[in-house]
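When you number the sequence shown by UniProt numbering, it's gap-free, plus one each residue, and the end is 289.
Quick reminder that beta carbons are idealized off the backbone N, C-alpha and C, glycines included.
Data block below; observations after.
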Amino acid sequence: MKKKQITALLLSALLIFGCSACAGNTNESSASSETSVSSAEPTPTEEPDVVPEDGMYTAEFKTDSSMFQANEACEGMGTLTVENGEMTFHVSLRSKKILNLYLGTAEDAKQNESEWLQPTTDTVTYKDGTSEEVYGFDIPLKSVDKDFDLALIGTKGTWYDHKVSVRDPQPIVEDTASDAETEVPEDGTYTCNVTLEGGSGRATIESPTELTVADGKMTAEITWSSPNYDYMIVDGEKYLPVNTEGNSVFEIPVAALDTALAVTADTTAMSTPHEIEYTLTFDSASLTA
Numbered sequence: 001m002k003k004k005q006i007t008a009l010l011l012s013a014l015l016i017f018g019c020s021a022c023a024g025n026t027n028e029s030s031a032s033s034e035t036s037v038s039s040a041e042p043t044p045t046e047e048p049d050v051v052p053e054d055g056m057y058t059a060e061f062k063t064d065s066s067m068f069q070a071n072e073a074c075e076g077m078g079t080l081t082v083e084n085g086e087m088t089f090h091v092s093l094r095s096k097k098i099l100n101l102y103l104g105t106a107e108d109a110k111q112n113e114s115e116w117l118q119p120t121t122d123t124v125t126y127k128d129g130t131s132e133e134v135y136g137f138d139i140p141l142k143s144v145d146k147d148f149d150l151a152l153i154g155t156k157g158t159w160y161d162h163k164v165s166v167r168d169p170q171p172i173v174e175d176t177a178s179d180a181e182t183e184v185p186e187d188g189t190y191t192c193n194v195t196l197e198g199g200s201g202r203a204t205i206e207s208p209t210e211l212t213v214a215d216g217k218m219t220a221e222i223t224w225s226s227p228n229y230d231y232m233i234v235d236g237e238k239y240l241p242v243n244t245e246g247n248s249v250f251e252i253p254v255a256a257l258d259t260a261l262a263v264t265a266d267t268t269a270m271s272t273p274h275e276i277e278y279t280l281t282f283d284s285a286s287l288t289a
């Protein structure tokens, strides 16, 4: 009888111990699960694309290579155009050694020749007044201030991977002349000193020059030191010479006095015609009727 009681007590003890052990394992498993859930890092969300309002901007062209940069005349900058929310970035490079670009990796570029970006021929003017033709590219963008893959191929025929970005876009604000600058003389014919800047520095124009004011609009006669200029461009309009002999003479509009006015003049003196950027400044203090 006593043996049966002892056996029963032992079985009860084992049963209680087994239940306690199971309960302990359950708690540990639960705690471990909670720890696993709480320690899991949240999935990072991709930053939204950044698209400025429609307009034109200057922006920095950032790259991962000193050999792949904007032309020094552009001081690391390019022009960003936003139209209907679509962005295009134009950058002038340092030479004509980069032949094509591709939005993506070098490996993908080899398989997608139809999507290679083709170069434009840009004329850049350096601080010393010299000009040079280089290649530029129009690069479609999805976002500013974000790195993206841009592969390139040069004259050696090899594709290279690069990471680039277009950053810190700043609106291009058209110069607004002051009241003094926009003041137009009374209708009549005047002589006026004019200063030419830009180009190689070899070309000059006659100064003073004749300035005509009619119906409140100013027109200047520009006489070059060479007969090889076949047209000028002012505010997007092309003007042809008004003479057929001697040095090239043009009649062009003058938007304001005492302001550097951007003009383009095409010269045929080189082996191929060459557009050169200049500025003209008309000195109001020198006006003589």
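#1: Taking just the CA atoms, how far does T79 sit from F89?
#2: Rounded to whole angstroms, what's the CA-CA distance from I222 to V194? Just pull it up for me.
#3: Report the residue from I205, V234, E197, V184 whose alpha carbon sits nearest the alpha carbon of V213.
#4: Taking the C-alpha atoms as reference points, what is the distance between E83 and Y231?
#5: Ignoring anything shorter than 3 residues, give me the beta strand (DSSP E) runs that lie fully in the stretch 65-141, in order along the chain.
#6: Could you compute how far the alpha carbon of E126 sits from the alpha carbon of E75?
#7: Let me check one thing: in DSSP terms, what residues is I222 bridge-paired to?
#8: Taking the alpha-carbon positions, what's the residue 333 to E275 distance?
#9: Quick check on DSSP: helix, strand or coil for A289?
#10: Per DSSP, which one or two residues make a beta bridge with P273?
#11: Looking only at its chain, what residues have a beta carbon closer than 6 Å to the beta carbon of D149, apart from the 5 residues adjacent to it on each side?
#12: Quick check on DSSP: helix, strand or coil for S284?
#13: Could you tell me which of E86, E186, Y160 sits nearest to L101, measuring between CA atoms?
#14: Start and end of the beta strand (DSSP E) containing A262?
#15: Nearest to K142 by CA position, among E60, K238, D49, is which residue?
#16: Measuring only the C-alpha atoms, how far is T204 from P227?
#17: Just the Cα atoms here: how many angstroms apart are T58 and V173?
#18: Using CA coordinates, which residue listed in V254, F250, K163, W116 is at the minimum distance from F282?
#19: Three-state secondary structure (DSSP) at K163?
#20: With DSSP as the reference, identify every bridge partner of K62, one or two as the case may be.
#21: Closest to K97 by C-alpha separation, out of E277, D108, A70, E107, would be which residue?
#22: For I139, which residues from the same chain have a beta carbon less than 6 Å from its beta carbon, with the 5 sequence-adjacent residues on both sides left out?
#23: Can the beta-carbon of G199 be found less than 8 Å from the beta-carbon of Y278?
#24: Bridge partners of D149, per DSSP?
#25: Taking the straight line between their C-alpha atoms, what separation do you get for E60 and K146?
The answer reads as follows:
#1: 6 Å
#2: 9 Å
#3: V184
#4: 31 Å
#5: 77-83, 86-92, 98-102, 120-125, 131-141
#6: Here the sequence assigns Tyr to residue 126, which means Glu is not the residue at that position. Whole-angstrom Cα-Cα distance: 10 Å.
#7: F250
#8: The question about residue 333 has no answer, for the chain in this structure spans 1 to 289.
#9: coil
#10: None; P273 has no bridge partner.
#11: G104, T105
#12: helix
#13: Y160
#14: 261-267
#15: D49
#16: 12 Å
#17: 10 Å
#18: V254
#19: strand
#20: S165
#21: A70
#22: F89
#23: yes
#24: K163
#25: 12 Å
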